[in-house]
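Participant: Quick one: the structure is below, and I'll ask about it shortly.
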Amino acid sequence: MSLLPKLRHTLVLSLLASVVPAQTAVEASAPAPLVDDDLVARIKHEGLENSRVMAYLDHLTNSIGHRLTGSRNFTLACEWAKGEFEKMGLEVQLEEWATWPIGWDRGQWQGRVIEPVAMDLQIATPAFTAPTKGRQRGPMFLAPSTTEEFEAIRDRLEGAFLFRDGERTAEELDAYLAEHSIAGWVKASSGSEEYPNRIRVFADRNRPRDAERLPTIPDIVVRKDQADRIQALLDEHGEIEVEFDIRNRWNTEGVTLHNVIAEIPGTTKPEEVVVVCGHLDSWHQATGTTDNGTGTTTTMEAARILAAVGAKPERTIRFCLWGGEEQGLLGSREHVTRRRTSMKSVQIVFNHDTGTNWAQSLTVNDAAFEPMERVVAPLLTLTPPDPDFEGPVFELKSRPTIAARGGSDHASFLAARVPAFGWGLKGRVDYFGYTWHSQWDTFDVAVPEYQRHTATVVALSALGAANLPERLSSEGVGESGDAGPGSIRLVDSMGASWGVKFGGKRNLDLVEVNADGKAASAGLAAGDRIVAVDGNAIRGLVSLRYALRELEAENATITVERGGEKVVIEAPAAVLKITKPDASKE
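Residue numbers (our numbering): 62 to 647.
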């Protein structure tokens with residue numbers, strides 16, 4: 062459903078010659094600019110002509126690479142970002158937010174079919190899954206779907222790979238396979254109608270908590286077209302010969318996790334803060350370019366621009382690079398929790414996530430609209446980075462309430478009723494369909510002119526918000542009126558979406574099920590406890606939300622405990638799926 066009917070105000074800032082320049086309208090209501098014209102010009106020149114944003118992105122994605130939370134690469138990225146902020150002359154710290162007893166690093170992945178045909182495979186593995194025992198060659202069979210089928214091949218399972226069709230859950234397979242020295246299990250990537258060979262892998266929801274419980278069976282995902290070929294070969298021959306080499310590595314010494322926090326101190330109101338942020342972590346399959354190297358490096362570049370021009374903001378501008386976003390906004394949530402008493406001193410949060418397209422809009426609460434007109438006024442002097450773009454260079458929008466929801470780190474602040482917003486992005490890159498969490502999220506998809514433009518927008522907006530004479534109102538922020546399935550208040554919002562009341566230790570028990578709700582139509586019943594979605598174990602509502610968001614196939618399976626037994630329910634994904642956020646993640 063479109064959000065447009067909910068919008069109360071819209072400020073359109075355009076450079077189109079056929080209309081009255083938007084600067085006139087803005088200046089009429091804001092005679093005193095928050096950033097003087099000379100400084101605006103210097104910020105634009107520094108951001109557009111002397112930019113370092115692509116150099117930062119190149120190093121982050123090509124020299125460091127993926128940045129899975131808990132990996133050595135993530136730690137390396139934190140240390141690198143800290144050093145870059147220090148070069149700018151900023152005050153910077155690594156803010157510890159957790160220590161995990163187990164870390165994990167992906168290594169080389171190789172796979173191939175040897176007989177009856179030769180075929181090199183494009184593969185991936187979820188995070189926190191086991192390696193092979195070196196290069197392993199062996200037979201592959203279709204995974205048994207019944208106990209009888211399992212017994213029929215029991216004596217041939219040692220060293221074999223099993224191809225799973227999705228009907229049996231990973232937990233059930235592991236229970237069968239662990240005692241039979243299976244080499245690994247394999248399944249097809251889901252893809253989409255537009256990108257059928259896209260591979261998306263996330264993490265084992267049951268991330269190991271100690272070295273005594275590490276998974277031992279590799280979990281391998283094969284590109285869909287190749288998996289379809291494997292399925293056909295198995296249907297024809299019953300058995301094929303394959304080889305896999307998975308070099309994932311465990312770190313059992315423990316890993317301390319950090320956010321990177323840098324500041325330009327305020328001159329007259331240093332205790333009040335404007336937050337500019339993006340998440341530094343990524344998934345592990347590719348290099349995390351658009352999710353979220355682009356947001357990380359525009360945050361860093363905005364800091365560099367302001368430092369280079371000698372900006373002296375009235376309020377402190379805090380630049381934050383978060384960890385653990387992909388696992389449920391962990392780093393930003395802990396930051397907010399530990400600083401809960403000081404959240405009232407935060408003027409506004411600008412969060413850049415969701416890709417390389419350029420920052421073209423911002424939606425704020427109605428009560429903040431008028432002062433924010435002054436903040437974004439300098440943006441009208443920019444030129445759209447797409448030469449053929451015919452819309453406004455920037456739009457400021459508002460609506461009565463900004464719910465405590467969202468799939469990115471500004472949601473952590475919204476939960477504390479802090480005005481926090483994600484940029485609305487425009488451009489030619491298909492983020493959610495193509496690069497998001499896929500094997501294609503690499504440096505080559507980043508658009509340099511978009512990155513330069515967005516970093517400049519962020520720098521100008523942060524300085525303007527820091528110089529506002531008044532505090533921005535939080536009226537309407539964190540309200541639950543339009544909270545959706547992605548709400549921080551997951552128990553209430555997901556319950557309302559499904560037509561259930563969640564309860565139990567992990568809020569996965571269906572205490573009540575409305576007869577006319579989604580859950581009932583899918584075949585769920587009161588008393589059910591959710592165990593898995595499409596074979597992936599579910600450990601809480603956050604993991605349930607992520608699993609439902611990623612559904613790609615027409616139908617999905619939900620495994621529940623019912624009356625002491627496990628029951629697998631198949632239902633249309635459209636009934637169960639949580640709608641993905643739009644490009645602004647607002």
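From the three backbone atoms N, C-alpha and C, an ideal C-beta is built for every residue, glycine too.
Taking buried to mean at least 16 other C-beta atoms within 10 Å of its own C-beta, is residue 648 buried or exposed?
Facilitator: Residue 648 cannot be examined here, being either before or after the span of the chain that is shown, 62 to 647.
Participant: For a quick check, are the C-beta atoms of residue 487 and residue 388 less than 7 Å apart?
Facilitator: no
Participant: Do residue 602 and residue 568 count as a contact pair if the criterion is CB distance below 7 Å?
Facilitator: yes
Participant: Comparing alpha-carbon positions, which option in 342, 116, 461, 502 lies nearest residue 470?
Facilitator: 342
Participant: So for residue 194, helix, strand or coil by DSSP?
Facilitator: Secondary structure of residue 194 (DSSP, three-state): coil.
Participant: Within the same chain, show all residues whose beta-carbon is closer than 6 Å to that of residue 498, passing over the 5 residues directly before and after it, in chain order.
Facilitator: Around residue 498, the same chain offers 261, 344 as residues with beta carbons nearer than 6 Å, after the five sequence neighbours per side are excluded.
Participant: Hey, could you find the ends of the beta strand (DSSP E) residue 166 is sitting in?
Facilitator: 164 to 166
Participant: Can the beta-carbon of residue 173 be found closer than 7 Å to that of residue 166?
Facilitator: no
Participant: Curious, which full-length alpha helix (DSSP H) runs of at least 4 residues does the stretch 543 to 626 contain?
Facilitator: 551 to 559, 579 to 583, 602 to 610
Participant: Beta-carbon separation of residue 199 and residue 244 under 7 Å?
Facilitator: yes
Participant: Is residue 179 helix, strand or coil when you go by DSSP?
Facilitator: Residue state for residue 179 is assigned as coil, using DSSP reduced to three classes.
Participant: I believe residue 171 touches residue 306 by the beta-carbon criterion, under 8 Å. Please report the beta-carbon distance rounded to the nearest angstrom.
Facilitator: Sure, about 4 Å apart at Cβ, within 8 Å.
Participant: I need the boundaries of the beta strand (DSSP E) containing residue 460, first residue and last residue.
Facilitator: That run of the beta strand (DSSP E) goes 455 to 460.
Participant: Under the assumption that residue 287 contacts residue 183 (Cβ atoms under 8 Å), give the Cβ distance between them as a whole number of angstroms.
Facilitator: 7 Å
Participant: Helix or strand or just coil, what does DSSP make of residue 396?
Facilitator: helix
Participant: Taking only the alpha-carbon atoms, compute the straight-line gap between residue 201 and residue 195 and give it to the nearest angstrom.
Facilitator: 17 Å
Participant: Taking one C-beta from the stretch 376 to 390 and one from the stretch 447 to 461 each time, how about it: are there three or more such pairs within less than 8 Å?
Facilitator: no
Participant: To the nearest angstrom, how far is it from the Cα of residue 274 to the Cα of residue 264?
Facilitator: 16 Å
Participant: Starting from residue 333, follow the beta strand (DSSP E) in both directions and report where the run begins and ends.
Facilitator: First-last of the beta strand (DSSP E) with residue 333: 330 to 340.
Participant: Could you name each continuous alpha helix (DSSP H) segment of 4 residues or more that falls completely within the stretch 100 to 128, going from the start of the chain to the end?
Facilitator: With a minimum length of 4 residues, the continuous alpha helix (DSSP H) runs that stay inside the stretch 100 to 128 are 114 to 119.
Participant: Quick check: what's the CA-CA separation for residue 361 versus residue 309?
Facilitator: Rounded to the nearest whole angstrom, the C-alpha separation of residue 361 and residue 309 is 31 Å.
Participant: Taking DSSP's pairing of strands, which residues face residue 310 in a bridge?
Facilitator: Bridge partners of residue 310: 166.
Participant: What is the C-beta distance between residue 587 and residue 599, in whole angstroms, given that I count them as a contact (C-beta under 8 Å)?
Facilitator: Not a contact, Cβ separation roughly 18 Å.
Participant: Can you name, in chain order, every residue of its own chain whose Cβ lies under 7 Å from the Cβ of residue 548, other than the five neighbours on each side?
Facilitator: With a pLDDT of 37 at residue 548, under the threshold of 50, the modelled position of that residue is not reliable, and no figure is offered here.
Participant: Whole angstroms is fine: what's the gap from residue 628's alpha carbon to residue 564's?
Facilitator: 19 Å
Participant: DSSP three-state label for residue 424, please.
Facilitator: strand
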